Amino acid sequence: MDGLAQQFLEHPRRHWFVWGAVAAVGLAVTLPAWDSWAAASEARATLTAARTAAEAEAGRLPDLKARFMALKAEPAGADGPRGLDDAAMEELRESVVRRIAAAGCRMRRVGLEDPVTTPWRNGPPPLPGLVDRSSDPPAGATNEPPVKFELITRRLEAEAVGSPERIASLLNWATAAHPHAVPLDYHLTFEDAPDVAAREVHLTFSLLLTAVRPLKQSPKS
Numbered sequence: 127m128d129g130l131a132q133q134f135l136e137h138p139r140r141h142w143f144v145w146g147a148v149a150a151v152g153l154a155v156t157l158p159a160w161d162s163w164a165a166a167s168e169a170r171a172t173l174t175a176a177r178t179a180a181e182a183e184a185g186r187l188p189d190l191k192a193r194f195m196a197l198k199a200e201p202a203g204a205d206g207p208r209g210l211d212d213a214a215m216e217e218l219r220e221s222v223v224r225r226i227a228a229a230g231c232r233m234r235r236v237g238l239e240d241p242v243t244t245p246w247r248n249g250p251p252p253l254p255g256l257v258d259r260s261s262d263p264p265a266g267a268t269n270e271p272p273v274k275f276e277l278i279t280r281r282l283e284a285e286a287v288g289s290p291e292r293i294a295s296l297l298n299w300a301t302a303a304h305p306h307a308v309p310l311d312y313h314l315t316f317e318d319a320p321d322v323a324a325r326e327v328h329l330t331f332s333l334l335l336t337a338v339r340p341l342k343q344s345p346k347s
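So our numbering is basically just the index in the sequence shown, starting at one, shifted up by 126.
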């Protein structure tokens, strides 16, 4: 045994053996630690995204309440598509583009689908601020059926990239961008980056814009 030790000490490449052993021990110690750090960093990123979404949800509650009260205060019997015409929708689309830029985010896409009209054949008016016109029938008319309505919807979808704080501000604004907008969904993901702290958030959100108008009935023959 002493002879083997003496031979090792006198070997001209003993330094390579020593450094190799040190490197092997170092890898055995640091690789599990690296995996643990990477898992913790990913968990932190997920929690940050969840917190950003929760803060945005909490921040939009006062706006939703104010919009609901404004709808209740609208005069009865309002006609027309109530702000969903092409000119109003183009202005809304441009306002989304401007807001993304003002928030310091980068826009990926803003799209506005064509309107979808659905007859509202039964039940009370689908939104506050409308009345059943059959309560005031034309002179000489009897047993007139209730005036029905058309429900008009348009879907707006946008994508943007920015820091968590800026994305949270943008999401909070988007949920109140239109007086008749209903938030449909949103999706938050972190973009890949070597530095976890420098990762940006990718946001996709959708709004369903709604409007109602009385359905014109053809005169009876």
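C-beta: ideal position from N, C-alpha, C; glycine also. All of these numbers come straight from a predicted model, not from anything done at the bench.
Where residue i falls: helix, strand or coil (DSSP)
{"i": "R232", "result": "strand"}
{"i": "E239", "result": "coil"}
{"i": "P254", "result": "Note on P254: pLDDT 48, under 50, position unreliable in the model; no value is reported."}
{"i": "L297", "result": "helix"}
{"i": "L218", "result": "helix"}
{"i": "A286", "result": "strand"}
{"i": "D212", "result": "helix"}
For residue i, the first and last residue of its enclosing beta strand (DSSP E)
{"i": "S332", "result": "327–340"}
Residues sharing a beta bridge with residue i, DSSP
{"i": "H313", "result": "T330"}
{"i": "T244", "result": "L277"}
{"i": "V308", "result": "L334"}
{"i": "V223", "result": "BP columns for V223 are empty, so no partner."}
Within 8 Å, strictly: CB atoms of residue i and residue j
{"i": "V223", "j": "M233", "result": "yes"}
{"i": "G288", "j": "A228", "result": "no"}
{"i": "I278", "j": "P241", "result": "yes"}
{"i": "H304", "j": "L238", "result": "no"}
{"i": "L335", "j": "A307", "result": "yes"}
{"i": "E317", "j": "R235", "result": "no"}
{"i": "F275", "j": "R225", "result": "no"}
{"i": "L314", "j": "C231", "result": "no"}
{"i": "S332", "j": "E283", "result": "yes"}
{"i": "R280", "j": "L210", "result": "yes"}
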